[in-house]
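Peer 1:
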Amino acid sequence: MPLQICTNYKVLVKNQLKLLSSEKDLVFQRLSCEQARSRIRPLPIPKAKITPLPPNEKGSELWEKIYQNAIKSNHPNPELMADSALRARERALEIEKARHLTQYIDKEPKHMETAAAPAPKKGRTVPPPGLRCKATKMDGKQCEFKCKNGDFCTKHSLKN
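Take the sequence shown: its position 17, counted from the start at 1, is 19 in our numbering, and no numbers get skipped.
Below, the structure written as structure tokens:
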């Protein structure tokens with residue numbers, strides 16, 4: 003069947019239908035069952051269900067209590083309900099046991115356990131009082147800079 007290029011969609015569809023109706027011998031390929039099965043995707047293989055182990059405390063007083071409650075509430079499978087509840091309890095206890103515990107200490111720390119002294123601050127160190135500027139600041143404290151021009155620092159020295 004020849005392909006025709008056309009910008010108008012309606013005309014294109016009409017022409018294609020004319021060509022299809024003019025062809026008398028339409029050929030359909032028949033497939034055997036094996037060929038058809040080989041073309042389709044195979045079904046996934048179902049995984050075998052692993053039956054869980056019975057809980058450690060099966061038959062205990064707690065299990066019996068859960069079992070009786072399941073019977074009272076008309077559960078369709080009370081034994082399975084009791085087993086599931088005990089398994090959930092065991093798992094919750096395992097998780098709780100593995101959790102990090104916070105320890106509260108209410109005793110005084112020993113001398114060696116005390117925190118180290120803070121590191122000295124970096125920055126400008128104040129010179130001893132004999133080497134400091136003799137000027138007093140407006141707040142009444144002595145200037146903290148080193149004296150360079152006689153008894154005063156560069157900031158407080160008299161300019162000519």
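Cβ atoms here follow ideal geometry from the backbone N, Cα and C, with glycine treated the same way.
Around the C-beta of Met3, are 16 or more other C-beta atoms found within 10 angstroms, so that it is buried, or is it exposed?
Peer 2: Bear in mind that the predicted position of Met3 carries a pLDDT of just 49, short of 50, making it too unreliable to give a figure here.
Peer 1: Would you mind listing the beta strand (DSSP E) stretches within the segment 47-133 that are 3+ residues and don't spill past its ends, in chain order?
Peer 2: You should have found no qualifying run.
Peer 1: Pull up the CB-CB distance for Trp65 and Ala90, whole angstroms please, since I reckon it's below 8 Å.
Peer 2: Their Cβ separation, rounded to whole angstroms, is 13 Å, which puts Trp65 and Ala90 out of contact at 8 Å.
Peer 1: Looking only at its chain, what residues have a beta carbon closer than 6 Å to the beta carbon of Ile73, apart from the 5 residues adjacent to it on each side?
Peer 2: Here the set comprises Pro80.
Peer 1: Between which two residues does the alpha helix (DSSP H) holding Cys35 run?
Peer 2: Run containing Cys35: 35-41, per the alpha helix (DSSP H) assignment.
Peer 1: Rank Asn17, Ala119, Gln144 by C-alpha distance to the C-alpha of Pro131 and give the top, closest one.
Peer 2: Answer by Cα proximity: Gln144.
Peer 1: Assuming Asn71 and Glu92 form a contact by the criterion Cβ under 8 Å, report the distance between their Cβ atoms to the nearest whole angstrom.
Peer 2: Going by Cβ atoms, the distance from Asn71 to Glu92 rounds to 18 Å, so no, they are not a contact pair.
Peer 1: My output table needs one value for Asn17: the three-state DSSP class, helix, strand or coil.
Peer 2: Note: Asn17 maps to helix in three-state DSSP.
Peer 1: In this structure, what does DSSP give as the bridge partners for Asn151?
Peer 2: The partner list for Asn151 (beta bridge, DSSP) reads Phe154.
Peer 1: Between Lys2 and Pro129, is the Cβ-Cβ spacing less than 7 Å?
Peer 2: Residue 2 lies beyond the stretch modelled for the chain, which goes from 3 to 162, so this question has no answer here.
Peer 1: Can you grab the Cα-Cα spacing for the pair Pro56 / Pro120, in whole Å?
Peer 2: When rounded, the distance between both Cα atoms is 59 Å.
Peer 1: Going along the chain, which residues of its own chain have a beta-carbon closer than 6 Å to the beta-carbon of Leu133, five neighbours each way excluded?
Peer 2: Only Lys148 meet the Cβ criterion.
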